[in-house]
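Structure, as structure tokens:
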Amino acid sequence: MDTKLFSTEENEINEAGKIIRNGGLVAFPTETVYGLGASAFDADAAKKIYAAKGRPSDNPLIVHICDKAQIADIAAEIPNAAQIVIDKFMPGPVTIILKKKSVVPDDVTAGLDTVAIRFPAHETAQRLIAAAGVPIAAPSANLSGKPSPTKAKHVIKDMTGRIDAIIDGGDCNVGVESTIVDFTGERPVILRPGGVTYDDLKAQGIEVEIDKNILQSIAPDEVPKCPGMKYKHYAPNAEVTVVEGEKNAVQKKIKELLNETNGKIAGVLTMYGADYDNAVILSAGNTNKEYAKNLFSALREFDELGVEVVFAEFSEKDGYGLAVKNRLYKAAAQRVIHV
Ligand code: TXA
Ligand code: MG
């Protein structure tokens, strides 16, 4: 398949909208990561998304809207706490899980009776959804198992030849996927941490809990609330080890580890800005917010550079800490050294 590359010019957004309306697939930027979109009302188009990504079909898609009025079209009920999120944090990097209406096909929700809804803040995403004239079902626009794409070049690498078009809208600002909050149980639960933080939700009086699976692997016999949790996401080719703690202890430990790599090509993802010998150094930035923006891109870059083992400096410093930690621990397959 020939994959068109679009800019954010009006005529190209309109053409992309038409492709979606007609059952095709278009990758587009959002403030979190790039999404791979299809009409949320088209079951066959949803099937194409799973095929293009190589995604297991039991992992549901998020429905993207560009107007809060669309929520009532797809959700059967909106609990009070969900309404607060809609009022205070939408558009923004948050996804809410609500009971679905039957217009949303089972292929979009992987057979669940709930639907994930997100109103992205990115102008290009909003313009595309408006041009399509339908809500857009979209997972992240990476091949299944690869880090989510935060730059157009990541999407071009993973999706060329597999989808109809890619809109190049520059780099994603948040860099990790949206916070997912489930409102279909007794109490709201964060299923995935992101740019709207636990503290942000608490500050609005929402009695939210954090799902325990956010920082650990799922037991083989367990059914997670968020099907995506059970997959090994964000895994680069390199073996990643997180070294967590304050600067001096972290850097001392990584220097030791660099001496034990048996000649493998080593990389360090640094928060503290160290100089290590014999390692490819990439910067994660000083804050957890910067770390979130740089993480997936750095993981891809280590792969491109042929790095075989990566040591990631980490310390939880701000509200983005939990979101970074969740992705980093997964990328490291839970190999974490606390110093
Ligand atoms: O920031 C984002 O959320 C990005 C951009 C493109 O919007 N999208 C994204 O989609 O990260 P994806 O498919 O990579 O992750 C969606 C996650 C999956 O873990 C999936 O299991 C979960 O949301 N999910 C979707 N619908 C759900 C539902 N009804 N109940 C529970 N979890 C759901
Ligand atoms: Mg994804």
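Residues in the sequence shown are numbered consecutively from 0, following numbering that gives the first Met the number 0.
Idealized CB from N, CA, C, for every residue including glycine.
Asked	Found
At the level of alpha carbons, what is the spacing between tyrosine 271 and arginine 20?	47 Å
Does DSSP put leucine 214 in a helix, a strand or coil?	helix
In chain order, what residues of the same chain lie with their CB nearer than 7 Å to the CB of alanine 80, ignoring the 5 residues before and after it?	Phe182, Pro187, Ile205
So, is the C-beta of tyrosine 49 closer than 8 Å to a C-beta in chain D?	Absent here is chain D; the protein component of the structure consists of one chain.
Is the closest heavy atom of the ligand TXA to the C-beta of asparagine 58 under 7 Å?	yes
Would valine 306 and valine 335 be called neighbours here (beta carbons separated by less than 8 Å)?	no
Taking only the alpha-carbon atoms, compute the straight-line gap between aspartate 43 and arginine 161 and give it to the nearest angstrom.	15 Å
On the criterion of 16 or more Cβ atoms from any shown chain inside 10 Å, does alanine 332 qualify as buried, or is it exposed?	exposed
How about alanine 124 and threonine 29: do their beta carbons lie closer than 8 Å?	yes
Measure the C-alpha to C-alpha separation of glycine 16 and valine 242 and round it to an integer number of angstroms.	44 Å
So what does arginine 191 bridge to, in DSSP terms?	Ile179
May I ask you to report which of helix, strand or coil DSSP gives lysine 100?	coil
Arginine 191: which of Ala37, Gly320, Ala283 sits nearest, CA to CA?	Gly320
Tell me which same chain residues have a C-beta within less than 7 Å of the C-beta of glycine 53, skipping the five on either side of it?	Leu142, Ser143
If I measure Cβ to Cβ from leucine 268 and keep anything under 7 Å in the same chain, skipping five residues before and after, which residues do I get?	Leu281, Ala283, Ala297, Val309, Ala311, Glu312
Are at least three pairs of beta-carbons, each pair with one atom in the segment 286-303 and one in the segment 249-256, less than 8 Å apart?	no
Going by beta-carbon coordinates alone, are valine 33 and proline 148 separated by less than 8 Å?	The residue asked about is misnamed: residue 33 is tyrosine in this sequence, not valine. In contact: tyrosine 33 and proline 148 (Cβ atoms closer than 8 Å).
Just the C-alpha distance for lysine 156 and glutamate 259, rounded to the nearest angstrom, thanks.	33 Å
To test your reading of the DSSP string, which unbroken beta strand (DSSP E) runs of 3 or more residues are found completely within the segment 146-170?	164-166
For cysteine 30, which three-state DSSP category applies?	Reading off the sequence, residue 30 comes out as glutamate, not cysteine. In this structure, glutamate 30 counts as coil in the three-state DSSP scheme.
For the beta strand (DSSP E) that arginine 117 lies in, which residues bound it at each end?	113-117
Quick check: what's the CA-CA separation for threonine 94 versus tyrosine 233?	19 Å
Considering threonine 123, what are the terminal residues of the alpha helix (DSSP H) in which it resides?	122-131
Leaving aside the five residues before and after isoleucine 209 along the sequence, list all residues of the same chain whose C-beta is less than 8 Å from its C-beta, in chain order.	Val188, Ile189, Pro192, Tyr197, Leu321
List the endpoints of the continuous alpha helix (DSSP H) containing glutamate 312.	No alpha helix (DSSP H) holds glutamate 312; the beta strand (DSSP E) holding it covers 308-313.
Could you tell me whether any non-hydrogen atom of the ligand TXA is closer than 7 Å to the CB of histidine 153?	no
I think valine 114 touches leucine 97, with their Cβ atoms under 8 Å apart; what is that distance to the nearest whole Å?	6 Å
One question on the structure: do proline 138 and leucine 200 come within less than 8 Å of each other, judged by their Cβ atoms?	no
Across which residues does DSSP place glutamate 238 in a beta bridge pair?	Val308
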